[in-house]
Structure formats: structure tokens, C-alpha cells
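See structure below.
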Amino acid sequence: MRSCKLKYVLVQKDMMVKFKDSLSTWLEFNIECNIPELDIDLVKIWWKLTNVNSLASDVVDTKSITYNKRVDLTEDSLGSTEQLKINSREYADCWTQGFMAYILHTSGTTGTPKVVRVPHQCIVPNIEHLRSIFEISPDDLIFMASPLTFDPSIVEMFVALSSGATLLIVPPVIKMMPERLAKVLFNHHKVTVIQATPTLMKRFGSELLSTVVLSANTSLRVLALGGESFPSLPVMKSWRGEGNKTHIYNLYGITEVSSWASYYKVPEEVLGSDTRLEEPVPLGFPLLGTVLEVRNDSGQVIQEGVGQVFIGGRERVCLLHDETTVCQGTMRASGDWVTLKDGYMYYLGRKDDQIKRHGKRVNLGSVQQAAERLKQVEACAVTSCEQDKMVLFIVPRHMSEQSKESAANFHTEILLALGKILPSYAIPDGVVHIDSLPFTAHGKVNITALIEIYHEEKEGRKSSCVLWRKEDLWEGICHLWKTVLNLPENRPVLSDSSMFLYSGGDSLKALKFAEEIETLIGQSVSGLLEVILNNSIQDIYNHITNIIFSDKTKDSEEFVDEKSRMKRKVWNSETEGSHSKVLKQQRTAASTFGQNSISNITAISRGSQILKQNLEVSCEYYTNIPNNIQEDVSLTEQSSDGKLPDFKSNRERNRTESTSFSERTSEFMIVKSSLIEENTLVTQESLEKGVKQPSHSSGRFFPGESPVNCRTVSLQMRWKSDTGKCVDASPLLVISGSSGSDATVYIGSHSHRMQAIEVFSGRLKWETLLGDRIESSACISRCGNFIVVGCYDGSVYVLRSDDGKTYWMFCTGNSVKSSPIVDPDHGLIYVGSHDEHIYALDIFRKECVWKLHCGGGAVFSSACLNKSPRLLYVATLGNSLLAINPDTGNIMWKHSCGKPLFSSPQCTAMSVFIGCVDGNLYCFNHQGHQIWQFLTDGPIFSSPCISSFSESDQMVICGSHDSFVYCLNEDGDLVWKFKASKQVYSIPFVYSDYGLNTEKLVAVTSTDGKIWILGAATGKLVAAYSLPGDVYSSPVLWRKTLIVGCRNNYVYCLEISTTEENS
């Protein structure tokens, strides 16, 4: 108020007391006159302490401004400064007499609210140029559509006054009534020019627009739309009646450079064409005195590509907030992003209108334009609610009575239609039916009001979802099932055994389904996501029923799947550290393999994990296990007092008994291609600075090895083995013998079959039928005599490697998708389960050493054992990464990543890496401090593979659902990335030479069945091969052999070959 020399204020009478009370400390007041018609008073004010006129002379010299400019420190100018005198006309100076035209506040609709002081020299060129473009004459009647608080109103007023045209001012209440407003504008007054926001025009509805506003005989000569994103051309065409000749303009500008910056007249041939309606409408050409620039993220002006619009001009400068002087020619950032192509700017949206959903960036404006094209939509708006939830608000067009009675069908119809024109990640989470779009005083969509409508609608759903009967719950789940999967509501009744993933669902839709169910019942449901992913709709119903209905009546048992109930053995004790009761089974004759000697065993599994063991020892140790340990019954019965045994002392006894075996073990280790013991130190200084944000710049890393292009690499099929159903598990390759003469691949499938296949010939060595689907990848035991694998029936199977017979079966409380791993020091097996536990199993004594509840969320991925410090890392679908003491089962530290973790953690000597559904690859040190995170454009289900090109160069390679394979250095900076043809779910495999005389290569698969061989140093494509089905299995390589499973029911063995290229 002081800076602007404010002397008079209009105050509403009912606000006068409050006005005086709040400002009486600084101001004196005098009511000069009152205006009864408007119920306001004109109040003169002056300052009690300081005269604002004298303040101005103290601040700035109106004649000139002097400042010092630092010059280059050359030999001639060293130690001196250049004093420059700048004429005041090169500055926009608010103290110049008659300089200021008006002052306004921005609405804050597209950014932070600001005070904008607009000089005459800034707004006058707008008025003059638009008056010329619109060819305004004294015969025109201009509708003042904008309120006085919105700067386009200045253009409307002074374009009319400066040309002798008539200005029509309509009470705000009339603007709220579309039919009444249409009559006033076109029946009573014959308006010829309208400058308005698209939202204001949408309120008329398509029928009024085409029959009155933009009809063939309308009086409207010019329609200029601005202040919001211009409607798509199909929408504009639906507004126009046949034979309409109204000139339509797209105006663009920002209040910070009041008022408009550019204009574009939409050609009549485009509006009348049926073939050019998909073309975007450009922002157009700069108005008089206006300069438009497009700058990239680095601030450089670009001529092509994507960037932010900057607006200015020598005279077109406004003063913001407390600015008193501004250099003429100042360019203001608009916050609007455009694509610059062929000299035209095409609006993309505001940066703050972009949200990230499922790891992808989504522009709300693009989704809105897609929805506007649907024939069912009269008008719509899209906004973000509750962080990343995207909601579509629709005003339906000609909604039938039947549709009104069944809003759910209408919403499903909308989502299905959008699914045909938008990617899956851009489909709104919900559709809300509204009667009309709410708008602000400036005529823009009122986002705040929409969010309030959404919350009211959500609360209404909660209050109306009191489930008095279990039948209501079943019907609600079935309805949500169809809605989330975009199935028609009139589809026949769902089968009780329907599986979500087999019905068209995926992990992202499962998250949405879980959220909708919790909204339906009005409470959170523990473990719901895991049940949706792994069980039938019956099981989902039963799981929820057991939580929300306290009295479990007999009715709730009618839907129980007897088969699944028999398969799952639930633990009697949930105490941490307790053992399981092992199922009674036939006594295993360990002596059948006790005479076999094993030496030089190598086990290769997904993610470049290689376990080598050189054993010159017979397995008679296992034959001599005491009878009490070989008993089929459980060794872990509770004592008579109800207490559990002392497993710590039991464990010590076990170690003593196995000493003789341990002494005869000459070498046993896990070799990971990424393991580095040094040169990865995380300093305390880096921790104090917080999480590092890695560089996304596209770099290249070249180790000192021979180039890829010296030879051509190709793939051809050696054999394939039919498993009966989909193969999502990854192969385990076991090589024995000094020359690798005996190589066997172990893999399971959805057909319940576990197969052992000879690598060289493809001959089936044995096949064992387990209790349910197998998605877990097997591991080999410490002695090499057993194969351990998880199963959907909730069991961990220990099979003899030579004939596939079951040696032991351990039961968890739910499906086991997690792939077991072996502890090379103690021989323990670590495996996770969907019962939210991680287990440490001693398969030789057939006992559970400890189990740990991971705090909520299934353990889907595999654990990772780090040697030093000795830690077991476990990730959960409950968003958590845990570091566990592998000997005791105690949690050392825990970190929540905010989204489910399907990825398996991987370790180096100094770090642990994990991918997340939020699209980030996270890096932690072994103390639990986050070091860096790298953001991709899609969820990460792939697990990282860590490789060392040399003793000091360590790389992390990981796939993402954005279809890219990323290679990062140890600091989290991008080395290279490769674009695959579809999402990358598998774990990359890094391997070297194997007789190919090439550099290190990376093998990875995409979900469309493509196998990609890349140069590990550069990410360049070396070879590719297509399988006839989707692939979620991860490849394993040995020598010149690549083995991978496919969803066409087969396991494939491919041979890698090279040919010399001519010079």
C-alpha cells in the first residue's frame, strides 16, 4: 500500500469495522462517500507516521540510476571498476509520474499468487494489436466476460472504449445460468465479440453452443479463447453448428506480462475438415512488442524440441511483488511447457500439472483432451487427488435414464474407451459424475471445488458401504473386480476360482483393486495385496470376511476352497525364532546317495550368481546322521511346560556335530560378478549431505577390452523342453566334473512339474510333480546333493538332485514364490513366503532354525546374503527392506521405500541395491543409510545385477517397466541405457568370453519374448532373438549356452556363436 501510494479504498459496509480495526495502527480513515446501490463506501486513507510521497524521493532518483559493473580483470583494467550511467528509460520505474496503469493479484490457479503492477507501456500494445486483429468497429458489441480481478477485462474494456464499440456488462449471477446468459447475449443484445476461458464456454453445453452461440445465424463474429488450454479440434467442431462462420482464436499469455502474449486464428479449412482434426492447435504468433523464447532445462534458447516459454519485450514489462525497477526487456518464466516444431509452439501443459503414476510422467491436460473427445462426454476436468491418484470429473452428454440408474456402467464405459487411446498408466483411477464444472471468478476450472466434490463423493461411498450381509461384500468385490479389469458389468457371474492375474490383471491393477476394496469396506486390510496376487476371488472374499466380520458363521465357510485349504499348513506358533512341525513322511534312505562322491560343482543362477564348490569328500556324513535326526516326526515339539526349546544351544550342538564335515571342505564360496571388497567406501561427509541424486546424463564407459564389433554374435536354438504350462521360474544350471562334462538345468513351471534336463542333449533326466504352481527358482544345497525350491502350495521342497525324489518338505503359511538361497558357511537355506515370514532352514536336520515376521507384506523376492558385514537382506511387498542377522533372525535395521518391493536386493562389499515399484533404484550402505536413488520412468520389478569390469570399475545393471535397461556406475550416475521393445521384468546376466573372444556381454529379456545381447561397456546391441511367447523368466548363461523359460510352456536352450567380420 505504501509502495503504490494508495489513497482511496472501496470497502463493503459490513466489512468496515474489521477493515478499520486491522489497519488503525498505521492509517487514518475518512469516508468520502457511499454507494447505496452496491452497499460500499469510498474511504480515503493516509499514513499516521510516514508520508508516502516523501518516501518515494528517498528510494530512487527519477532522473537516472547509477551502478557499478565489474569488468574483466585485464592488464588495462586490473583493480578498477567501470561506472555506467543508465538512462531511466531503459528501466521500468514505478515512481515515474503516470507510469502505472493498474495493480492486480494473480489468482494462483497456475502458480503462487503474486502482486502485479502493470505499466501503461505494457498493456497498451495488447489493446492496439488485438483491436486491429479482431477488426473492431463502432458497430461491435463486446461481452465483458472477465471479472475486474482478471486482467483480460482490461483488454475487453479498452478495446471497446478505444474503438467506439459497445461494452456489455452482465451481472455475475447471470453468468451462472447458461440458458439465461445465452438469451441475454444473443437474443437481447446480439453480441459480436467474446473473449473468454474455454471453461466458461463449456458451461453452455454442446446443444446451446451449436444451436445458439455458434450457430449458422449467430451474431458472434469473433470468439477468442484463452486463460486455459485450448480445446481439441474435435471438441471445437462439436461446438459449431453447420454453416457457422465465427472466427475462432487461441490466445495465450500470463498475468506477469499482462495480458496476452500470442494469438492464433484457427483456419476455417481446419475446422471444416474431417481429416485434420487430430492436429494440435499452436499458440501462434507474438503480439505487438512481445518477445517469446523457448528455453530448455539448461536455460538455453532452442529452436526445436521441448522447453519452457519465457515472455517479455522491451516495453512489455510488469513489476512483481516489491520490485520498484525492472530492466526493460526482462523475460519472465511462464511455467508452461511447449514443443517447438517447424516454428510453431504447441502447448504441453504446466510442469506442475504433471504427476508421476506407476513410475510414468502423466500430463493431466493430455488426459483431459483425450476424455473430451469421447462421445459420452459433454465437459470434463482431470485433477490429482491424494498425491498420485488421478480423478476424471465428467459432465455426461445426453445420458440416458438407464445410464443414470447405473452410473457404474457409465464409468466402466468411459474407462474402456480411454483404454483404447491412452497408455495403461494414464488411465484415471476414478470417474466422478458432476452436473456442471465449477469455475472460479476468473472463469477457470475450480480445482479446489473439484477436490472437495471428490472427497464428499468418497465419504458418501464409505457411509453407504455398511456391509450388513456377507452377500453384499461378495457382490461389491465382484463389481470392483470387473471395474478394475475393465470388464463389462453385464458379464456372467464370475467363477469362484477366478485368479486376478489370469483375468487380465497385473501388479499395478492389483494395487488399485486393493485400494478400492479398502474404500468399499472403510478400513485397511492387512495382507490384501498378496492375497489378490496369489489367490482366487474366493480367497480374497474369505480373507476380508475373516477381518471385518467378527462372528465367523457357518455361511462364511461355504465359499472356502477345500483344495487350497488342504494345501496350506498354518503354523501353530507365531513366536519369533520358533521351529515348524514337519509333516510325517516316509523315512528317506540317505544311504542311496551316500556312496557317491562329488567334486568341482558349479551352480549358476539368475543375475550372474555363481556358486563354486570344490569338494573331495564323500557324502557318508549324511548316511551317519543319528536316527533321532532322521526321524520323520518333528524334532521341535514344545516341552511339557509349553516353552520352546533353547535353539541357540541346539544350534551350537549342530555346529559341533558337523565339525568333521566342515574340516574336510576345502573350498566353498559364492562368486558374484559384482563383488568388490575395496574402492567403494562411503564417507561420512557424503552421508551428511543426504541422499545423492545421480546424474541422468548419457555417458559411456569403456574398459580396456576388445571391441564388440570385431565379431558377429548370433543365437540359434539347440533344444526346447515342454513343461506343460507357463515357465516363469528362472533356470538353475549345475555343472559337475573337472571338465564340465555333466551339466544339468533344474526348472519348474505352472504345471506343478519340476524338471532336470541335460544341458548338452536336452534329454529329460527326471521330472517330479509338486503340489501346485512353481514360480520359485531353485538353488542347490551346500553338499550339491539337493535341489531346494518353493511352491504355491506353501511348501519348500528339498529334492534329491540325482532322481528328484522328495527328501524333505517344509510347510509355510502361504505360497512360496521367493527363490531360496544357500548360506555357504553354515549350509542353511533362507527363503521367504507370502505369509510375511522369512525362514532359516537346516535341510540336513530337517528343521527350521528360526523364522521372522517381516512386519507386514509378503516376501515375494529372494533374499541376499552379504558376507562382511554378515547380513541377510529381505524385501517385502509391505514396502520394507530389512537387514537381518542371518544367525539369530534379529532385525538390524529396516527402511521403508514407500511402495512394494518385488525386486530382489543385491549386495557388494559396501552397498546394497534394490528396485522399487515407484520407479527408483535405491542404494544403501550396510548401516542402513541411503546413498543415492536413480529414477526411471516405470516401476521396477527387475532385480539389479552387479558387475565388475575391473578391480575399480563397478556397474549396476537393471531393467524397468519403461522398457529400458539401465547401467549405472557405483555413484548412481547413468553410464548407458538401452531401449527394449517391451517392459523388462527379468534380471540381467553379465558374462564374459566363454570362448567367444568378445568383451563382457549382458543378456536380458523383455516381456514380449525378445532376448537381447548387449555390450556391457556401451549398451550397444550385439544380437537379438525372439521366442514365441511372453518371457518373465531370467536368462542363465554358461559357455556358449543360454537357457531361459517362456510362457508358451517351453524351456529353451540357445547356442551362442560368433563369426569373423571381413575388414
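Heads up: the sequence shown begins at 1 in full-length UniProt numbering, then just goes up one per residue. Glycine is no exception: its CB is placed at the ideal position from the N, C-alpha and C atoms.
**Q.** Contact set for residue 276: own chain, Cβ-Cβ below 6 angstroms, skip 5 residues either direction
**A.** Contacts found: 270.
Q) Looking at C-beta atoms only, is the number of pairs between the region 192-209 and the region 293-310 that lie closer than 8 angstroms three or more? A) They do not touch, by the three-pair rule.
Q: May I ask you to list the residues that DSSP assigns as paired with residue 396?
A: Partner(s): 377.
**Q.** Euclidean distance between Cα positions of residue 966 and residue 786
**A.** Computed Cα separation, rounded: 35 angstroms.
**Q.** Simplified DSSP state of residue 234, which is helix, strand or coil
**A.** Residue state, collapsed to three classes: helix.
**Q.** Local conformation of residue 721 per DSSP, three classes
**A.** It is a strand residue.
Q: Indicate whether residue 915 and residue 896 have their beta-carbon atoms separated by less than 8 angstroms.
A: No, these two residues do not count as a Cβ contact at 8 angstroms.
Q.
What would DSSP say about residue 957, mapped onto helix, strand or coil?
A. Looking at residue 957 - three-state DSSP - the assignment turns out to be strand.
Q: Take the Cβ of residue 962 as the centre, count every other Cβ of all protein chains shown within 10 Å, and call the residue buried at 16 or more, exposed below.
A: Within 10 angstroms of the beta-carbon of residue 962 lie 16 or more other beta-carbons, which makes it buried.
**Q.** Meets three-Cβ-pair contact criterion under 8 angstroms: the region 178-193 and the region 422-434
**A.** By the criterion of at least three beta-carbon pairs nearer than 8 angstroms, the region 178-193 is not in contact with the region 422-434.
Q. Expressed to the nearest angstrom, what Euclidean distance is found between the alpha-carbon atoms of residue 825 and residue 782?
A. Between residue 825 and residue 782, the C-alpha separation is close to 9 angstroms.
Q | Span separating the alpha-carbon of residue 125 from that of residue 289 | A | Computed Cα separation, rounded: 7 angstroms.
Q: Would you decide whether residue 26 is buried or exposed? Buried here means 16 or more other CB atoms lie within 10 Å of its CB.
A: By the 10 Å Cβ count, residue 26 comes out exposed.
Q: May I have the straight-line CA-CA distance separating residue 534 from residue 862, to the nearest angstrom?
A: Rounded to whole angstroms, residue 534 and residue 862 show a C-alpha spacing of 17 angstroms.
Q) Applying the criterion that 16 or more other CB atoms from any shown protein chain within 10 Å of the CB defines a buried residue, is residue 698 buried or exposed? A) Reliability of the predicted coordinates at residue 698 is poor, the pLDDT of 41 falling under 50, and no value is obtained from them.
Q | CA-to-CA distance, residue 530 to residue 540, given in whole angstroms | A | Spanning the two alpha carbons is a distance of roughly 10 angstroms.
Q) How would you label residue 419, buried or exposed, when you count the other beta carbons within 10 angstroms and need 16 or more for buried? A) Classification for residue 419: exposed.
Q. Given that a residue counts as buried once 16 or more other Cβ atoms are within 10 Å of its Cβ, and exposed if not, what is residue 649?
A. Confidence in residue 649 is poor, its pLDDT being 40 and thus under 50, which makes the residue's placement unreliable; the coordinate value appears in the next sentence. In this structure residue 649 is exposed. Its beta-carbon is surrounded by fewer than 16 other beta-carbon atoms within 10 angstroms.
Q: Using alpha carbons as the reference points, say which of 264, 369, 226, 1053 lies closest to residue 760.
A: Nearest C-alpha to residue 760 among 264, 369, 226, 1053: 1053.
Q: From the DSSP output, in three-state form, read off residue 122 for me.
A: Residue 122 falls in the helix class under three-state DSSP.
Q.
Measuring only the C-alpha atoms, how far is residue 104 from residue 374?
A. Their backbone Cα atoms lie some 38 angstroms apart in a straight line.
Q) Buried or exposed: residue 173, going by 16 or more other Cβ atoms within 10 Å of its Cβ? A) By the 10 Å Cβ count, residue 173 comes out exposed.
Q: Report yes if the C-beta distance between residue 516 and residue 524 is below 8 angstroms; otherwise report no.
A: Against a cut-off of 8 angstroms, the Cβ pair of residue 524 and residue 516 comes out as no contact.
**Q.** Residue from 264, 849, 168, 505 with nearest C-alpha to residue 1073
**A.** Absent from the structure is residue 1073, since the part of the chain shown begins at 1 and ends at 1063.
Q. Is the beta carbon of residue 368 less than 8 angstroms from the beta carbon of residue 382?
A. Judged by beta-carbon spacing, residue 382 lies within the 8 angstroms limit of residue 368, meaning their Cβ atoms are closer than that value.
**Q.** DSSP state of residue 20 mapped onto helix, strand, coil
**A.** The three-state reading of DSSP puts residue 20 in helix, counting H, G and I together.
Q.
With the cut-off set at 8 angstroms, would you say residue 155 and residue 318 are in Cβ contact?
A. It is not a contact, given that the beta carbons lie outside the stated cut-off.
Q: State whether the region 497-506 contacts the region 929-941, with contact taken as three or more CB pairs (one from each stretch) at a distance under 8 angstroms.
A: These segments do not touch.
Q: Just the C-alpha distance for residue 1018 and residue 976, rounded to the nearest angstrom, thanks.
A: Distance between the alpha carbons of residue 1018 and residue 976 is about 6 angstroms.
Q. Which class does residue 785 belong to by DSSP, given the choice of helix, strand or coil?
A. Three-state result, residue 785: coil.
Q) Beta carbon of residue 602: closer than 7 angstroms to some heavy atom of the ligand ATP? A) Absent from the structure shown: the ligand ATP. Ligands present: none.
Q. Based on Cα-Cα distance, which residue from 488, 314, 305 lies nearest to residue 257?
A. Considering only alpha carbons, the answer is 314.
(Q) Output needed for residue 988: all residues of its chain with C-beta closer than 6 angstroms, excluding positions within five of it in sequence on either side, in chain order. (A) Excluding residues within five positions, the ones whose Cβ falls inside 6 angstroms are 945, 957, 1002, 1004.
**Q.** Under 8 angstroms between C-beta atoms of residue 282 and residue 264
**A.** It is a contact, given that the beta carbons lie within the stated cut-off.
Q: Spell out a yes or no on whether the region 903-920 and the region 857-875 are touching, meaning 3 or more CB-CB pairs, one atom from each, closer than 8 angstroms.
A: Flag = yes, the region 903-920 and the region 857-875 touch.
Q | Beta-carbon contacts of residue 874 that lie in its chain and below 7 angstroms, excluding the five residues immediately before and after | A | Once the five neighbours on either side are set aside, the close Cβ partners of residue 874 are 832, 838, 854, 859, 863, 882, 884.
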